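Have a look at the structure below before the remarks.
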Amino acid sequence: MNDSMNTIVNKLQEGTSLIKFNPDGSRNEGFFYICPKLNTLCYNPSTKRFQNSTIEYPLKDCEVRPGLRSDTWLKILRSGKIREQQDDLAFSILHNRGRKSLDLLANDTETRHIWIKGLEKLIEDSIGKPYTTITDRWLEGLFNEADRDR
1 MNDSMNTIVN KLQEGTSLIK FNPDGSRNEG FFYICPKLNT LCYNPSTKRF
51 QNSTIEYPLK DCEVRPGLRS DTWLKILRSG KIREQQDDLA FSILHNRGRK
101 SLDLLANDTE TRHIWIKGLE KLIEDSIGKP YTTITDRWLE GLFNEADRDR
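UniProt numbering numbers the first residue of the sequence shown as 1 and each following residue consecutively.
Here it is as structure tokens:
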């Protein structure tokens, strides 16, 4: 990793508060950070006060989408609870094979940029090859399985 990427990863390890949107449009502020082994995204909801309230997401199963481009964001946009102008602050982390998403809003564009770039690099490192989307990895797996059946 080069120095600028090391700086980005260090910032992700330090963590930051991001606003997490739920499918119903409700929002919670929580603390997000990358674990010391650089293979897990951790989320600590600010409303929970128990020590073991951290939720973990393995990076190898994640995909990052910049902007308001998840199903949840589209529902929230239609309901009017967020404006399209906030696209440059928003990003989503798809997990659970793309079936669920963390839909996040950063306080500024620099924070969003750091999280997107850092997560893409860490996901790439965790799967051992260039960053691809969950769908691409799923299709690749199907083709590899079909080739083995011949």
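Ideal Cβ positions, reconstructed from N, Cα and C, are used throughout, including at glycine.
Just so you know, these numbers come straight off a predicted model, no measurement behind them.
- When only Cα atoms are considered, residue 102 and residue 95 end up about 8 Å apart.
- In the three-state scheme derived from DSSP, where H, G and I count as helix and E and B as strand, residue 28 is classed as strand.
- In the pairwise beta carbon analysis, the stretch 29-40 is classified as touching the stretch 53-60: at least three pairs are separated by under 8 Å.
- Looking only at 79, 106, 121, the smallest Cα-Cα distance to residue 90 is reached by 106.
- As summarised for the UniProt domain "PH" (1-124), the continuous alpha helix (DSSP H) elements at least 4 residues long and confined to that stretch are 3-14, 71-79, given in chain order.
- Distance from the Cα of residue 17 is smallest, within the candidate group 126, 44, 4, 86, for 44.
- At a Cβ-Cβ threshold of 8 Å, residue 33 and residue 63 do not count as neighbours.
- By the criterion of a C-beta distance shorter than 6 Å, residue 126 is surrounded in its chain by 39, 59, 60, once the five residues flanking it on both sides are discounted.
- Nearest to residue 97 by C-alpha distance, out of 3, 11, 139, is 139.
- Cβ-Cβ distances below 6 Å link residue 79 to 25 in the same chain, with the five nearest sequence neighbours on each side left out; the list follows chain order.
- Here residue 81 is not near residue 23, since their CB atoms are 8 Å or more apart.
- In this structure residue 122 is buried. Its beta-carbon is surrounded by 16 or more other beta-carbon atoms within 10 angstroms.
- If the five residues before and after residue 19 are omitted, its C-beta is found closer than 6 Å to the C-beta atoms of 27, 29, 105, all from its own chain and listed in chain order.
- Counting other Cβ atoms within 10 Å of its Cβ, residue 143 stays below 16 and is therefore classed as exposed.
- Apart from sequence neighbours up to five positions away, the residues of its chain that approach residue 111 with a beta-carbon distance below 7 Å are 16, ordered along the chain.
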